[in-house]
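Encoded as structure tokens, the structure appears first; notes follow it.
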Amino acid sequence: METMIITTDNQTITRMAVIAKRTDSEFMAGAKAMMVESLKRQMKNGIAHFVFMKKDGSLREAWGTTNSSLAKKHINGNGDSRERYATTAYFDVEKGNWRSFRWENMVTVY
Numbered sequence: 006m007e008t009m010i011i012t013t014d015n016q017t018i019t020r021m022a023v024i025a026k027r028t029d030s031e032f033m034a035g036a037k038a039m040m041v042e043s044l045k046r047q048m049k050n051g052i053a054h055f056v057f058m059k060k061d062g063s064l065r066e067a068w069g070t071t072n073s074s075l076a077k078k079h080i081n082g083n084g085d086s087r088e089r090y091a092t093t094a095y096f097d098v099e100k101g102n103w104r105s106f107r108w109e110n111m112v113t114v115y
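Quick note, my numbering runs 5 ahead of the 1-based positions in the sequence shown.
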């Protein structure tokens, strides 16, 4: 049997706590928090492909980025970080606009 060691930072721990509270599942919280971390790394370095559940329960397949060189003309630097609201913001390269999703609604990252 192999053991997997997961290292987390304070943001990941915060995400896990929020997701656990919203879903009543510590296991799901850990898995989803790690997916969000993976997604954030991918978006920082380029365009990421991922799926999340929308408010209405439908699934949303998205291609997004937070890479400043790709979304530079759409970044104004004003406003609060979406992290304060337990969501992650991304620039939707298909829609040409900023979107966000709730952490507990993360389904998969490709």
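The C-beta atom is built at its ideal place from N, Cα and C for all residues, glycine as well.
As the structure is a prediction and not an experimental result, all values here were calculated from the model.
Nearest-angstrom Cα separation, counted from residue j out to residue i
i      : j      : result
MET33  : TRP68  : 23 Å
GLY62  : VAL112 : 12 Å
ILE10  : TYR115 : Low per-residue confidence applies at ILE10: pLDDT is 45, beneath 50, and the placement is therefore not dependable, though the value from the model is reported in the following sentence. Going from the Cα of ILE10 to the Cα of TYR115 covers about 22 Å.
SER74  : ARG46  : 15 Å
VAL56  : ASN15  : 24 Å
ALA97  : ARG104 : In the sequence as presented, Ala is not what sits at residue 97; that position holds Asp. Spanning the two alpha carbons is a distance of roughly 6 Å.
TYR90  : GLY101 : 22 Å
ILE24  : LEU64  : 18 Å
GLU99  : SER30  : 33 Å
ASP106 : MET39  : The question names Asp, but residue 106 is Phe in the sequence shown. One C-alpha to the other measures close to 15 Å.
THR28  : MET21  : 10 Å
LYS26  : THR19  : 11 Å
LYS59  : ASN110 : 7 Å
Collapsed DSSP secondary structure at residue i in the structure displayed
i      : result
SER105 : strand
THR19  : helix
GLY35  : helix
Residue i - partner residues in DSSP beta bridges
i     : result
LEU64 : MET58
MET40 : BP columns for MET40 are empty, so no partner.
Residue i beta carbon near the ligand ATP (any heavy atom closer than 7 Å)
i     : result
SER43 : Absence of the ligand ATP is noted for the structure shown, with no ligands found whatsoever.
Supposed close pair residue i, residue j - CB separation, criterion 8 Å
i     : j     : result
ALA94 : ARG87 : 4 Å
GLU42 : THR17 : 6 Å
CB contact check: residue i to chain C, cutoff 8 Å
i      : result
GLU109 : Given the protein chain composition of this structure (a single chain), no chain C is represented.
Taking three-plus beta-carbon pairs below 8 Å as touching, is the stretch 19-39 in contact with the stretch 51-61?
-> Here the stretch 19-39 does not lie against the stretch 51-61, with fewer than 3 beta-carbon pairs under 8 Å apart.
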